[in-house]
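Just so we're aligned: 939 in our numbering is position 18 of the sequence shown, and the numbers increase by one with no gaps anywhere. A virtual CB, placed ideally from N, CA and C, is assigned to each residue, including glycine. So the structure is just underneath, and the comments pick up after that.
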Amino acid sequence: KKIENEKYVIWCEDECHFHQNGTITRMWVPPEIKDPVILQEPSHKKISLFGSINTVTGQFVYRFSTIFNAETFLEHLNQILSYRPPNKKILLILDNARYHHARYIRPWLEKNKRLIELLFLPPYSPELNPTELIWKRTRYKATHNRYFPTIDSLCDALEIQFQQWALPNEELLSLCAINYVA
């Protein structure tokens, strides 16, 4: 009801790690190759990302981060706020990560309460967040069955994929077709 009565633009936010050793999944292999060898870098290195999607346009905004905490989350909130259309308030749907509720961000939220509002999903319900589907699609398109000799090569692959989604697009918009009304 709130969304119908006020001028909101809805965004969904989530965080994700992409590991240098990639992901292995099913694939087609020529019949003469009986046991395919998939190269992987023996590494525990990872890239961490904040990501948010506009559920009306399909625009995806992301931010690389070395750590997930209240400070880096606040940086991402400022980034999202820069995409706010005039005369609209952002309704940001997100999970219940501890730093989303941190005291550190409360003064900022109070100061910007006319511009942005946080709406927390029920605990343990990632299926309600379309950003989770973006991470899955990213793995499928950018990291499945691929070899990344360096963390920079993984970062480049992710950057290429995310640049394709920087403008509003139908592919990501189709992932946002979640009916939140019961």
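Using alpha carbons as the reference points, say which of Y1020, F981, L1015 and K1010 lies closest to T993. The residue given as residue 993 occupies position 72 in the sequence shown. When each option's Cα is compared against that of T993, the closest is Y1020.
My assumption, with CB atoms under 8 Å, is that L998 sits in contact with R984. Please give the rounded CB distance. Numbered from 1 along the sequence shown, position 77 holds the residue referred to as residue 998. Numbered from 1 along the sequence shown, position 63 holds the residue referred to as residue 984. Contact between L998 and R984 is ruled out by a C-beta separation of about 10 Å, above the 8 Å threshold.
Would you mind working out which of L1042, L1040 and E1053 sits nearest E936, comparing C-alpha positions? On the sequence shown, position 15 is the one that residue 936 refers to. Closest by alpha carbon: E1053.
For Q941, tell me which candidate among F1069, L1096 and F1083 has the shortest Cα-Cα distance. As a first step, residue 941 must be located in the sequence shown, where it is residue number 20. Looking at the Cα atoms, F1069 is the closest of the given residues.
Nearest by alpha-carbon distance to A1018: which of R1005, L1096, I968 and N990 is it? Here the question's residue 1018 lines up with position 97 in the sequence shown. Ranking R1005, L1096, I968 and N990 by Cα distance to A1018 puts N990 first.
Give the straight-line distance between the Cα atoms of N1008 and H965, rounded to the nearest whole angstrom. Here residue 1008 corresponds to residue number 87 of the sequence shown, with the count starting at 1. Here residue 965 corresponds to residue number 44 of the sequence shown, with the count starting at 1. So the two alpha carbons sit approximately 45 Å from each other.
Where do the ends of the beta strand (DSSP E) carrying W932 lie? Within the sequence shown, numbered from 1, the residue matching residue 932 stands at position 11. Run containing W932: Y929 to H940, per the beta strand (DSSP E) assignment.
Am I right that L1036 and I1014 are in contact with their C-beta atoms under 8 Å? What's the rounded C-beta distance? Indexing the sequence shown from 1 puts residue 1036 at position 115. Indexing the sequence shown from 1 puts residue 1014 at position 93. Not quite, the Cβ-Cβ distance comes to about 16 Å (not below 8 Å), so this is no contact.
Tell me the DSSP secondary structure of E1048 in three-state form. By 1-based counting over the sequence shown, the position of residue 1048 is 127. It is helical.
Go through its chain and collect everything with a Cβ distance to K967's Cβ below 7 Å, but skip five positions before and after it. The residue you call residue 967 lines up with position 46 of the sequence shown. The answer, listed in chain order, is H938, F939, H940 and Q941.
Looking only at its own chain, which residues have a Cβ that is under 6 Å from the Cβ of G979, when we skip the five neighbours before and after it? As a position in the sequence shown, residue 979 is number 58, starting the count at 1. P1089, N1090, L1093 and L1094, listed in sequence order.
What are the boundary residues of the beta strand (DSSP E) that includes I1037? In the sequence shown, counting from the first residue as 1, residue 1037 sits at position 116. Its beta strand (DSSP E) spans residues I1037 to F1041.
Every unbroken beta strand (DSSP E) inside the region 990 to 1023 [3 residues or more]: 1010 to 1015
Residue environment, C933, which counts as buried when at least 16 other CB atoms sit within 10 Å: Along the sequence shown, one-based indexing puts residue 933 at 12. It counts as buried.
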